[in-house]
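Chemist: Heads up: the sequence shown begins at 2 in our numbering, then just goes up one per residue.
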Amino acid sequence: MTTKQRIIQVGSYAGSPSANDRLAEGYDVFELWKHEDRKAALAQHGKGVTALVTSASYGATAELMDALPDLKAICSWGVGYETIDVAAAKARGIQVSNTPDVLTDCVADLAWGLLIAAARRIGQGERFVRDGKWGQIHGSIPLGMRVSGKKLGIVGLGRIGEAIARRGLGFDMEVRYHNRRQRDDVDYGYEATLTGLAEWADFLVVATVGGAQTRHLVGREALEALGPKGIIVNIARGPVIDEAAMTEALQSGKLGFAALDVFEHEPKVPEALRSGDQTVVLPHIGSATYETRLAMEDLMLANLKAFFDTGRVITPAE
Ligand code: 8YV
Numbered sequence: 002m003t004t005k006q007r008i009i010q011v012g013s014y015a016g017s018p019s020a021n022d023r024l025a026e027g028y029d030v031f032e033l034w035k036h037e038d039r040k041a042a043l044a045q046h047g048k049g050v051t052a053l054v055t056s057a058s059y060g061a062t063a064e065l066m067d068a069l070p071d072l073k074a075i076c077s078w079g080v081g082y083e084t085i086d087v088a089a090a091k092a093r094g095i096q097v098s099n100t101p102d103v104l105t106d107c108v109a110d111l112a113w114g115l116l117i118a119a120a121r122r123i124g125q126g127e128r129f130v131r132d133g134k135w136g137q138i139h140g141s142i143p144l145g146m147r148v149s150g151k152k153l154g155i156v157g158l159g160r161i162g163e164a165i166a167r168r169g170l171g172f173d174m175e176v177r178y179h180n181r182r183q184r185d186d187v188d189y190g191y192e193a194t195l196t197g198l199a200e201w202a203d204f205l206v207v208a209t210v211g212g213a214q215t216r217h218l219v220g221r222e223a224l225e226a227l228g229p230k231g232i233i234v235n236i237a238r239g240p241v242i243d244e245a246a247m248t249e250a251l252q253s254g255k256l257g258f259a260a261l262d263v264f265e266h267e268p269k270v271p272e273a274l275r276s277g278d279q280t281v282v283l284p285h286i287g288s289a290t291y292e293t294r295l296a297m298e299d300l301m302l303a304n305l306k307a308f309f310d311t312g313r314v315i316t317p318a319e
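1. Could you tell me which uninterrupted beta strand (DSSP E) segments, each at least 3 residues in length, are contained entirely in the segment 4–60, listed from first to last along the chain?
2. I'd like the list of long-range same chain contacts for Val-314, defined as Cβ closer than 7 Å, with 5 residues on each side in sequence excluded.
3. If you compare alpha carbons, which of Val-54, Val-103, Glu-83, Glu-244 is closest to Ala-289?
4. What are the residues that DSSP puts in a beta bridge with His-266?
5. Quick one: is the Cβ of Leu-104 within less than 7 Å of any heavy atom of the ligand 8YV?
6. Sort out for me which residues DSSP pairs Lys-152 with in a bridge.
7. Do Leu-261 and Leu-283 have their C-beta atoms closer together than 8 Å?
8. Quick one: is the Cβ of Gly-114 within less than 7 Å of any heavy atom of the ligand 8YV?
9. For a test of the three-state rule: what should DSSP assign to Leu-205, helix, strand or coil?
10. Looking at Ala-296 and Tyr-82, is the spacing between their C-beta atoms short of 8 Å?
11. Tell me which same chain residues have a C-beta within less than 8 Å of the C-beta of Gly-190, skipping the five on either side of it?
12. Grab the span of the beta strand (DSSP E) containing Ile-75 for me, first residue to last.
13. Would you list the residues sitting across from Gly-190 in a DSSP beta bridge?
14. Given a cut-off of 8 Å, decide if Leu-274 and Leu-227 are closer than it, judged by their beta-carbon atoms.
15. Assign Pro-317 to one of three DSSP states: helix, strand, or coil.
16. Can you tell me whether Val-281 is helix, strand or coil according to DSSP?
17. Tell me the rounded alpha-carbon separation between Met-247 and Leu-195.
18. Count the other CB atoms, across all protein chains shown, that sit within 10 Å of the CB of Leu-144; report buried if there are 16 or more and exposed otherwise.
19. Take the Cβ of Ser-149 as the centre, count every other Cβ of all protein chains shown within 10 Å, and call the residue buried at 16 or more, exposed below.
20. Can you give me the C-alpha to C-alpha distance between Arg-168 and Ala-118, rounded to a whole angstrom?
21. Report whether the distance from the Cβ of Val-54 to the nearest heavy atom of the ligand 8YV is below 7 Å.
22. Which residues bound the alpha helix (DSSP H) around Leu-305?
23. Can the beta-carbon of Leu-115 be found closer than 8 Å to that of Val-281?
24. From Leu-170 to Val-156, what does the alpha carbon distance come to, in whole angstroms?
25. So Gly-154 and Leu-205 are in contact, right, with Cβ under 8 Å, and what is the actual spacing, rounded?
26. Tell me whether Val-87 sits in a helix, a strand or coil according to DSSP, three-state version.
27. Could you tell me the alpha carbon to alpha carbon distance between Val-87 and Gly-94, rounded to whole angstroms?
28. Between the Cα of Glu-37 and those of Ser-58, Gly-12, Ser-56, Ala-61, spot the shortest distance and give me the residue it belongs to.
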């Protein structure tokens, strides 16, 4: 009988079909989230543990790494890892892996769902029917906005941004993007400034990475440049948009609509964004399909296995 490798699991993978079970089957899992006194639990059980699994929700701080003197690998479930201190990991010789690519299509699909829902007032129309108002009162909901043929601006043309852009071509849209640097491997138009992109675009989709370097990247100026008819979509990370500035712009009519899967302090969603018909709000479900969540756990487990078998993870972060 081979003994199972000991790993630490920071939080429960409630949103994944079988990650918790598969981890428990293959490994001797120390479930950190079940311990109120994390510090004491780590001091007692952390020694000798070389691998840890986490996600963007649970993260991994330098302090956590310090409590695990033998840690060599952090395998995260999900593509974003802004809550994992990668610099601290590097400095300690700890590898970090994430799960890129497998969720690209589903997140891009959801961005389009949000965009169409906002432009065509799908949520508002649904509420109208569900509330029994159709036929009860004169008229219907206000007219929506045509989607096909419009100008699509992408903030952050990475893997997910590109998948969103590609779908835009199917809607006969002109696509431009803003990145820190222009890419020489794509034909989409480049806007050197975010405000320039927002001024040009009818619809602005935020698809950039999260973390300190993009916090409040989209602020009042860009939102007002997008304008009273503009729609902003965010499937990236809440803090990329200055939420207070966005709320103000919506309330003052300087911004048309916001369609959001992520929020600055999720799961807290400000009342101003939850009410009214200028927003579409979802509970961070970009990757939340059965197929994609299974693929994410497959890749996280593959990284973990590769680390134990070969000493190297397969998809290192950065
Ligand atoms: C997850 C995500 O739901 O992959 C990501 O970065 O945002 C989502 O797929 C999230 O990581 C949960 O923590």
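Ideal placement from N, C-alpha and C gives every residue a C-beta, glycine not left out.
Modeler: Well, looking at it:
1. You should have 7–10, 29–32, 52–56.
2. Here residue 314 refers to the residue found at position 313 of the sequence shown. The answer, listed in chain order, is Ala-74, Cys-76, Gln-96, Ser-98, Asn-304, Ala-307, Phe-308.
3. The residue labelled residue 289 in the question sits at position 288 within the sequence shown. Comparing alpha-carbon positions, the option among Val-54, Val-103, Glu-83, Glu-244 lying closest to Ala-289 turns out to be Val-103.
4. Here residue 266 refers to the residue found at position 265 of the sequence shown. Within the DSSP bridge table, the entry for His-266 names Lys-269 as partners.
5. Along the sequence shown, read from residue 1 onward, the residue named residue 104 stands at position 103. Leu-104 Cβ: within cutoff of the ligand 8YV.
6. Here residue 152 refers to the residue found at position 151 of the sequence shown. Per DSSP, Glu-175.
7. By one-based count along the sequence shown, residue 261 stands at place 260. By one-based count along the sequence shown, residue 283 stands at place 282. In this structure, Leu-283 lies closer than 8 Å to Leu-261 by Cβ.
8. For the purposes of this step, residue 114 is taken as the residue at position 113 of the sequence shown. Exclusion of Gly-114 from the 7 Å shell around the ligand 8YV follows from its C-beta lying no nearer than that to any non-hydrogen atom of the ligand.
9. Taking the first residue of the sequence shown as position 1, residue 205 is located at position 204. Three-state result, Leu-205: strand.
10. Sequence index remark: in the sequence shown, residue 82 carries index 81 (1-based). Sequence index remark: in the sequence shown, residue 296 carries index 295 (1-based). At a Cβ-Cβ threshold of 8 Å, Tyr-82 and Ala-296 do not count as neighbours.
11. As a working note, residue 190 is residue 189 in the sequence shown. So the qualifying residues of the chain are Glu-175, Val-176, Arg-177, Tyr-178.
12. The count along the sequence shown starts at 1 and reaches residue 75 at position 74. It spans 74–78 - the beta strand (DSSP E) in which Ile-75 sits, taken as one unbroken run.
13. By 1-based counting over the sequence shown, the position of residue 190 is 189. In the DSSP secondary-structure assignment, Gly-190 is bridged to Arg-177.
14. As a working mapping, residue 227 is identified with position 226 in the sequence shown. As a working mapping, residue 274 is identified with position 273 in the sequence shown. Cβ atoms of Leu-227 and Leu-274: not closer than 8 Å.
15. Along the sequence shown, one-based indexing puts residue 317 at 316. Of the three classes helix, strand and coil, the one that applies to Pro-317 here is strand, per DSSP.
16. As a position in the sequence shown, residue 281 is number 280, starting the count at 1. Under the three-state reduction of DSSP, Val-281 is assigned to strand.
17. The count along the sequence shown starts at 1 and reaches residue 247 at position 246. The count along the sequence shown starts at 1 and reaches residue 195 at position 194. Our two residues, Met-247 and Leu-195, have alpha carbons roughly 15 Å apart in a direct line.
18. For the purposes of this step, residue 144 is taken as the residue at position 143 of the sequence shown. With fewer than 16 other Cβ atoms inside 10 Å of its own Cβ, Leu-144 counts as exposed.
19. Taking the sequence shown and counting its residues from 1, the one referred to as residue 149 is at position 148. In summary, Ser-149 is exposed, with fewer than 16 beta-carbon neighbours lying within 10 Å of its beta-carbon over all protein chains present.
20. In the sequence shown, counting from the first residue as 1, residue 168 sits at position 167. In the sequence shown, counting from the first residue as 1, residue 118 sits at position 117. In this structure, the alpha-carbon of Arg-168 lies about 16 Å from that of Ala-118.
21. Counting from 1 along the sequence shown, the entry for residue 54 is found at position 53. For the ligand 8YV, not one heavy atom lies less than 7 Å from the Cβ of Val-54.
22. Mapped onto the sequence shown, residue 305 falls at position 304. Where Leu-305 is concerned, the enclosing alpha helix (DSSP H) starts and stops at 291–311.
23. For the purposes of this step, residue 115 is identified with residue 114 of the sequence shown, where counting begins at 1. For the purposes of this step, residue 281 is identified with residue 280 of the sequence shown, where counting begins at 1. Contact: yes.
24. Within the sequence shown, residue 170 is the residue found at index 169, counting from 1. Within the sequence shown, residue 156 is the residue found at index 155, counting from 1. Straight-line Cα distance between these residues: approximately 16 Å.
25. As a working note, residue 154 is residue 153 in the sequence shown. As a working note, residue 205 is residue 204 in the sequence shown. Taking C-beta atoms under 8 Å as the contact rule, Gly-154 and Leu-205 qualify, at a distance of about 5 Å.
26. As a position in the sequence shown, residue 87 is number 86, starting the count at 1. In this structure, Val-87 counts as helix in the three-state DSSP scheme.
27. Start at 1 with the first residue of the sequence shown, and residue 87 comes out as number 86. Start at 1 with the first residue of the sequence shown, and residue 94 comes out as number 93. Here the alpha carbons of Gly-94 and Val-87 stand approximately 10 Å from one another.
28. The residue given as residue 37 occupies position 36 in the sequence shown. Comparing Cα-Cα distances from Glu-37 to each of Ser-58, Gly-12, Ser-56, Ala-61, the minimum goes to Gly-12.
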